[in-house]
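Read through the structure below, which is laid out as structure tokens, and then see the notes.
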Amino acid sequence: MDAFRVLIRGKFDGLDDAGRAALAAKGGDLMFSEAGTFTYDVNATAFTFRCQVPAGPDDDEKTAKARATTALRAHGLPCRDLNYAVTDLRAMRVRRKKR
665 MDAFRVLIRG KFDGLDDAGR AALAAKGGDL MFSEAGTFTY DVNATAFTFR
715 CQVPAGPDDD EKTAKARATT ALRAHGLPCR DLNYAVTDLR AMRVRRKKR
């Protein structure tokens with residue numbers, strides 16, 4: 665699969681009650697998807713956002729970060745202090761057990 669998996673860790677910036685309700689409605693799924701999913705602490709101050717973005721033949725980590733940031737911003741929740749971890753699935757090797 666030609667994709668990147670991106671983890672964005674950060675903090676919510678002035679999340680109001682409506683934002684907290686929207687966040688709670690999104691659930692706390694741990695799956696990677698193009699729309700992205702959130703997990704967050706009890707007070708909804710710190711979060712981890714997981715998303716999977718497509719990878720073209722010439723795409724790099726910078727492109728993956730930009731696409732993941734776009735997915736994060738699409739949720740409309742204010743955030744700051746973002747840190748990224750990018751995994752290029754094109755570079756992963758799968759070892760199969762020999763029978």
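According to my numbering, the sequence shown is numbered sequentially starting from 665. Idealized CB from N, CA, C, for every residue including glycine. Just so it is clear, the structure is predicted and the values come from calculations on it, not from any experiment.
Exercise. Where in the segment 725-759 do unbroken runs of the beta strand (DSSP E), each at least 3 residues long, occur, reported from the N-terminal end onward?
Worked result: Correct list: 743-752.
Problem set entry | Whole-Å CB distance - Leu687 paired with Phe702, under 8 angstroms assumed | Between Leu687 and Phe702 the beta-carbon gap is near 6 angstroms, inside 8 angstroms, which marks them as a contact.
Problem set entry | C-alpha gap between Ala749 and Phe668, whole angstroms | In a straight line, the C-alpha of Ala749 is about 10 angstroms away from that of Phe668.
Exercise. Helix, strand or coil: how does DSSP classify Leu694 here?
Worked result: Reduced to three states, the DSSP call for Leu694 is coil.
Exercise. Between Cys715 and Ala730, is the Cβ-Cβ spacing less than 8 angstroms?
Worked result: Between Cys715 and Ala730, the C-beta spacing is not below 8 angstroms.
For this session: Quick one: grab the DSSP three-state call for Arg714.
Result: Taken through DSSP and simplified to helix, strand or coil, Arg714 comes out as strand.
Exercise. Roughly how many angstroms lie between the CA atoms of Arg754 and Phe696, to the nearest whole one?
Worked result: In a straight line, the C-alpha of Arg754 is about 16 angstroms away from that of Phe696.
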